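To keep things clear, I will list the structure first and then write my remarks on it.
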Amino acid sequence: MTTTWNAEAYDANHAYIWNLARGVVDLLDPQPGEHILDLGCGTGHLTAAIAAKSATVLGMDSDAAMVEQSKQNYPAIEFVQRDGADFDLSERFDAVFSSAVLHWIPQAAWVASNVYRSLKPGGRFVAEFGTRGNVQAILSAIVKAMNGAGWHRTDDWTPWYFPTMGQYLSLLEDARFTVEFAQRFERPTPLDGGEDGLRNWLEIFAHRLFPEVGERDRPAVEREVERLLRPVLCRDGLWTADYVRLRFVARKAMRE
Ligand code: BEZ
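Numbering (my numbering), first residue to last: 3 to 258.
Okay, here's the thing in structure tokens:
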């Protein structure tokens, strides 16, 4: 299995990811004794927040380095390496939780049917992720900078999956879920690292954007992205990412 994430850098420079997601843990409302799956647990901080509510939680991530880092961060919690679009765990859960992960998995219908199968009757799927319009300013600047450097990208190109709210809720219904709650909202997100905030973000998240550019040209593309975005997303030396989120609660039927 190839590792694609720098788990240490993720942990060191991106605490806002799990700090801003506490609201989705509140929406999950874990109850003592519940059995909960954290789909795409990253470095385990939200898994631990769920465990702190006396639920039994299993953290799952497709990336070996993230799973390793989670185990180091929280040795008392169980973590496994599985792909969110293709997993079949022997256990059945009261809830499946996911934060800032579903936009990395374009096989969304597979995720939904895997999650459905993993839930007990009446179980809930509670998640938040990037919806249509998420990081639009950043993505446009990346496309412009790539084209300027001779790496052709069209305006509709994206390495992420940002469906509209309607698209995603239909997909959940197609997977037999009943959607009980859904909310789309803009959440401008301050990036850690002061002046380096956008560069840190690009380094950790946009690694899939630049694979062909190579180490030699990458800094120039990133500098151009920064130059284009400074008037839009940087104020007083602090960068803010233009996040737009979809949060939902979807329930599996009590009886099939
Ligand atoms: C996010 O919305 O959390 C996100 C989107 C794209 C890249 C990284 C993070």
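Cβ coordinates follow ideal geometry from the N, Cα and C atoms, glycine included. Predicted model only: the values in this text are computed from it and were never measured.
| said: Measuring straight from C-alpha to C-alpha, what distance separates Thr160 and Gln109? | reply: Taking the straight line from one Cα to the other gives about 15 Å.
| request: Determine which residues share a DSSP beta bridge with Pro190 and list them. | output: Its beta-bridge partners are Asp244.
| message | Within a Cβ cutoff of 6 Å, which residues of the same chain sit near Pro123, ignoring the five residues on either side of it in sequence? | response | Beyond the five residues adjoining it in sequence on each side, Pro123 comes within less than 6 Å, by CB distance, of Met256 in the same chain, given in chain order.
| query | Do Ala57 and Pro34 have their C-beta atoms within less than 9 Å of each other? | reply | The answer is yes: Cβ separation under 9 Å.
| said: So, for Val215: in the same chain, excluding its five sequence neighbours on each side, which residues have a beta-carbon less than 8 Å away from its beta-carbon? | reply: If we look at Val215 and ignore the five residues flanking it on each side, its Cβ neighbours are Met148, Ala151, Trp153, Val223.
| query | DSSP beta-bridge partners for Glu36? | reply | DSSP lists no partner for Glu36.
| Is it true that the CB of Thr191 sits closer than 9 Å to the CB of Tyr245? | It is a contact, given that the beta carbons lie within the stated cut-off.
| query | If you follow the alpha helix (DSSP H) that Arg229 is part of, which residue opens it and which one closes it? | reply | Residues 216-235.
| task | Report whether the distance from the Cβ of Trp20 to the nearest heavy atom of ligand 1 is below 8 Å. | result | Placement of the Cβ of Trp20 at a distance of 8 Å or more from every heavy atom of ligand 1 is found.
| For the beta strand (DSSP E) that Arg126 lies in, which residues bound it at each end? | 121-132 is the span of the beta strand (DSSP E), which, as asked, contains Arg126.
| Can you give, in chain order, each stretch of the alpha helix (DSSP H) that sits fully within the region 33-91 and has at least 4 residues? | Listed in chain order, they are 47-53, 66-75.
| said: Quick check on DSSP: helix, strand or coil for Arg1? | reply: Look at the range of the chain in this structure, 3 to 258, and you will see that residue 1 is not part of it.
| request: Mind checking which residues open and close the beta strand (DSSP E) that includes Val98? | output: Under the DSSP assignment, Val98 falls in the beta strand (DSSP E) whose first and last residues are 95-101.
| request: Could you round the C-beta distance between Val69 and Ala51 to whole angstroms and report it? I think they count as a contact, below 8 Å. | output: Not confirmed; about 18 Å, so no contact.
| What do you get for Gln169, buried or exposed, if any count of 16 or more other CB atoms within 10 angstroms of its CB means buried? | Looking at its Cβ environment, which holds fewer than 16 other Cβ atoms inside 10 Å, Gln169 is exposed.
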